[in-house]
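Just so you know, the protein sequences line up as chains P and E, in that order. First residue of the first sequence: 1, per the numbering used here; consecutive thereafter. First residue of the second sequence: 128, per the numbering used here; consecutive thereafter. The C-beta atom is built at its ideal place from N, Cα and C for all residues, glycine as well. Down below is the structure, laid out as structure tokens.
There are 2 protein chains.
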Amino acid sequence: MNISSAAKAVELPVKTVRYYADIELVSPAGRSEAGYREYDDTTLRKLGFVARARRFGFSIAQCRELLSLYEDEARSSAEVRKIASERLTEIEAKQRELAELHDALAHLVSECCGDERPDCPIIDYLK
Amino acid sequence: MNISSAAKAVELPVKTVRYYADIELVSPAGRSEAGYREYDDTTLRKLGFVARARRFGFSIAQCRELLSLYEDEARSSAEVRKIASERLTEIEAKQRELAELHDALAHLVSECCGDERPDCPIIDYLK
DNA sequence: CTCCAACCTTCCAACTGGTGGAAAGTTAAG
DNA sequence: CTTAACTTTCCACCAGTTGGAAGGTTGGAG
Numbered sequence: 001m002n003i004s005s006a007a008k009a010v011e012l013p014v015k016t017v018r019y020y021a022d023i024e025l026v027s028p029a030g031r032s033e034a035g036y037r038e039y040d041d042t043t044l045r046k047l048g049f050v051a052r053a054r055r056f057g058f059s060i061a062q063c064r065e066l067l068s069l070y071e072d073e074a075r076s077s078a079e080v081r082k083i084a085s086e087r088l089t090e091i092e093a094k095q096r097e098l099a100e101l102h103d104a105l106a107h108l109v110s111e112c113c114g115d116e117r118p119d120c121p122i123i124d125y126l127k
Numbered sequence: 128m129n130i131s132s133a134a135k136a137v138e139l140p141v142k143t144v145r146y147y148a149d150i151e152l153v154s155p156a157g158r159s160e161a162g163y164r165e166y167d168d169t170t171l172r173k174l175g176f177v178a179r180a181r182r183f184g185f186s187i188a189q190c191r192e193l194l195s196l197y198e199d200e201a202r203s204s205a206e207v208r209k210i211a212s213e214r215l216t217e218i219e220a221k222q223r224e225l226a227e228l229h230d231a232l233a234h235l236v237s238e239c240c241g242d243e244r245p246d247c248p249i250i251d252y253l254k
């Protein structure tokens with residue numbers, strides 16, 4: 001299976017799959033005579049695993065950790081849970097931050113009449 | 128006023144202030160004989176304005192727009208409101224995305240017993 | 001058999017928003 | 001006069017891609 005079929009199968013851009021090979025996150029199973037990257041069942045599964053983890057916002061480093069646990073038959077579920085819990089904490093922190101920003105900005109927007117006059121509480125606030 | 132005093136006044140790292148000068152977002156008022164960047168009242172106010180806008184998550188490009196409106200005596204408040212509303216929409220989209228991720232991940236974590244056994248619903252889901 | 005499109009390769013550069021460090025010049029205090 | 005604490009420029013790096021150029025390969029149509 002060549003790179004574009006693999007990329008299509010996991011719904012990632014070809015460039016990204018090549019990038020993951022470059023940084024040795026998911027290396028292809030081998031190379032064809034012409035030097036084309038070849039993906040098999042195993043490498044395709046890993047690629048899909050990483051694609052899903054990235055969609056969950058796990059960093060490349062976290063994906064690397066998850067992938068090594070994914071491949072480790074003797075992993076404990078506690079290890080995986082730890083990484084996922086950390087990610088959950090990150091998400092919650094970001095949510096609190098966004099909620100604050102949202103409320104402050106929404107307040108400013110609501111106070112701004114938004115007409116053709118130059119008086120603007122948003123600019124005034126940022127001044 | 129030299130760069131470190133200016134940076135301290137607006138609570139930005141010196142490196143960042145220099146970077147903003149490099150990209151011509153906020154240029155210093157002038158240069159000393161020795162070539163040191165000099166900031167005055169006007170440039171310091173712009174720097175503070177940008178610092179606050181960045182804390183609100185406005186991109187450098189958005190800051191550039193806001194800054195030109197900030198400097199424009201004839202701006203309409205509608206123009207400012209438009210940029211702020213766009214930012215608000217971005218924030219809301221990000222909030223929805225994070226809420227989905229949070230719920231899905233929290234569900235997985237709650238189902239994971241987190242013990243020493245290798246069975247893990249989180250890995251299974253990502254598989 | 002030849003041609004062409006659509007692949008593939010590597011490498012280099014750009015993006016965002018900075019940050020770190022090296023080498024060299026400047027300034028102010030003690 | 002020394003020395004610490006500034007300042008300058010320049011170059012490189014971080015994440016996580018993406019775009020493009022130059023060149024090689026493959027497969028199907030005519």
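Item	Value
Three-state secondary structure (DSSP) of Glu38 (chain P)	strand
Closer than 7 Å at the beta carbon, the chain E residues around Glu73 (chain P)	Pro245
Backbone CA spacing between Val177 (chain E) and Pro140 (chain E) [nearest angstrom]	13 Å
Backbone CA spacing between Ser132 (chain P) and Pro121 (chain P) [nearest angstrom]	Since the first residue of chain P shown is 1 and the last is 127, residue 132 (chain P) is not available in this structure.
Runs of alpha helix (DSSP H) wholly within the stretch 177 to 252 of chain E (minimum 4 residues, chain order)	187 to 198, 204 to 238
Beta-carbon proximity of Glu165 (chain E) to Gly157 (chain E), cut-off 8 Å	yes
Rounded separation between Leu171 (chain E) and Ala134 (chain E) - CA only	9 Å
Chain P contact for Val153 (chain E) (CB, 8 Å cutoff)	no
Alpha-carbon to alpha-carbon, Leu193 (chain E) and Glu100 (chain P)	21 Å
Candidates P:Gly35, P:Pro28, P:Leu126, P:Leu69, of which the one nearest Arg244 (chain E) by Cα	P:Leu69
Ser4 (chain P) - containing alpha helix (DSSP H), residue span	3 to 10
Residue from E:Ala205, E:Ala233, E:Ile218 whose Cα sits closest to the Cα of Ala104 (chain P)	E:Ile218
For Gly30 (chain P): DSSP bridge partner residues	P:Glu38
Contact check, Ala78 (chain P) vs Gly241 (chain E), beta carbons under 8 Å	yes
Alpha-carbon to alpha-carbon, Arg54 (chain P) and Cys63 (chain P)	7 Å
Backbone CA spacing between Ile130 (chain E) and Thr42 (chain P) [nearest angstrom]	55 Å
Neighbourhood of Thr20 (chain P) by C-beta distance below 6 Å, restricted to the same chain and skipping five residues each side	One detail in the question is off: residue 20 (chain P) reads as Tyr in this sequence, not Thr. Val26, listed in sequence order.
Contact under 8 Å by Cβ, Ala188 (chain E) with Leu108 (chain P)	no
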